[in-house]
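Colleague: Take any residue in the sequence shown, note its place counting from 1, add 6, and you have its number in the working numbering.
Here a beta-carbon is modelled for each residue, glycine too, at the ideal position from N, C-alpha and C.
I have a structure here, written as structure tokens, and I will follow up with some questions on it.
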Amino acid sequence: MRCRTVCRVMMEVIVKTEDFDEKQEAELDAFEQRQMRSFERGKRLVWLIAGVNILFDLINIFVSNDFQIVQFAVHVALSAALVYGVTWVRYLYAVAGILTVIVTILALPGLVSLMQVSAVSGIYIAVLILTVCYSATSAVILLFSKSVKEYMYRKKSERL
Numbered sequence: 007m008r009c010r011t012v013c014r015v016m017m018e019v020i021v022k023t024e025d026f027d028e029k030q031e032a033e034l035d036a037f038e039q040r041q042m043r044s045f046e047r048g049k050r051l052v053w054l055i056a057g058v059n060i061l062f063d064l065i066n067i068f069v070s071n072d073f074q075i076v077q078f079a080v081h082v083a084l085s086a087a088l089v090y091g092v093t094w095v096r097y098l099y100a101v102a103g104i105l106t107v108i109v110t111i112l113a114l115p116g117l118v119s120l121m122q123v124s125a126v127s128g129i130y131i132a133v134l135i136l137t138v139c140y141s142a143t144s145a146v147i148l149l150f151s152k153s154v155k156e157y158m159y160r161k162k163s164e165r166l
């Protein structure tokens with residue numbers, strides 16, 4: 007009689023352990039799926055920021071008619087480094103975005119008063135406002151997005 011009771015208790019423990027293992031495995035799978043979605047979201051954000059930075063450089067080249075190959079090459083290299091997961095470039099872009107916002111906001115009143123004589127001034131100010139909005143948004147995303155942090159961490163660990 008005792009042997010049957012012990013066997014029955016052992017079977018219950020085994021079944022509970024299997025249920026517990028299945029729950030742990032399901033939770034682990036759900037966690038891995040969340041991490042993968044976060045990584046993919048971070049990847050899209052980083053690629054978007056790098057692409058828009060290069061696009062703004064190209065627009066600046068066409069608007070100013072001043073092509074500086076070294077400056078453009080540095081911006082492309084920094085954008086590639088950002089996509090590659092170099093952490094200091096992420097912070098560099100974030101600080102540059104914050105500085106762009108500050109400098110543009112401080113300079114905007116003076117620019118508005120100087121440009122009231124030109125018809126193109128409205129377009130120029132609109133581009134400046136768009137640049138400020140983009141710079142602020144990209145700085146916040148690069149500094150505080152968990153998805154970007156996940157992407158950068160994983161890219162860094164791939165390099166090691």
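Let me make sure I understand the geometry here. Which of Phe37, Gln41 and Tyr140 has the alpha-carbon closest to that of Met158?
Modeller: Residue Gln41 is the option with its Cα nearest to Met158.
Colleague: Since Ile104 and Val138 are thought to touch, with beta carbons under 8 angstroms apart, how far apart are those beta carbons, to the nearest angstrom?
Modeller: Their Cβ separation, rounded to whole angstroms, is 11 angstroms, which puts Ile104 and Val138 out of contact at 8 angstroms.
Colleague: Going by Cα to Cα distance, which pick from Ala87, Ile135, Ser119 and Trp94 is closest to Val109?
Modeller: Of Ala87, Ile135, Ser119 and Trp94, the residue nearest in Cα terms is Ile135.
Colleague: To the nearest angstrom, how far is the alpha carbon of Ala56 from that of Lys162?
Modeller: Their Cα atoms are separated by approximately 17 angstroms.
Colleague: Are the C-beta of Ile108 and some C-beta of chain C separated by less than 8 angstroms?
Modeller: Of the protein chains in the structure, only one exists, and it is not chain C.
Colleague: What's the C-alpha gap between Arg43 and Tyr130?
Modeller: Each residue's alpha carbon lies about 38 angstroms from the other.
Colleague: For Ser119 and Val92, what's the separation of their Cα atoms in angstroms?
Modeller: Between Ser119 and Val92, the C-alpha separation is close to 41 angstroms.
Colleague: Among the candidates Ile147, Arg165 and Leu64, whose CA atom is the shortest distance from the CA of Trp53?
Modeller: Considering only alpha carbons, the answer is Ile147.
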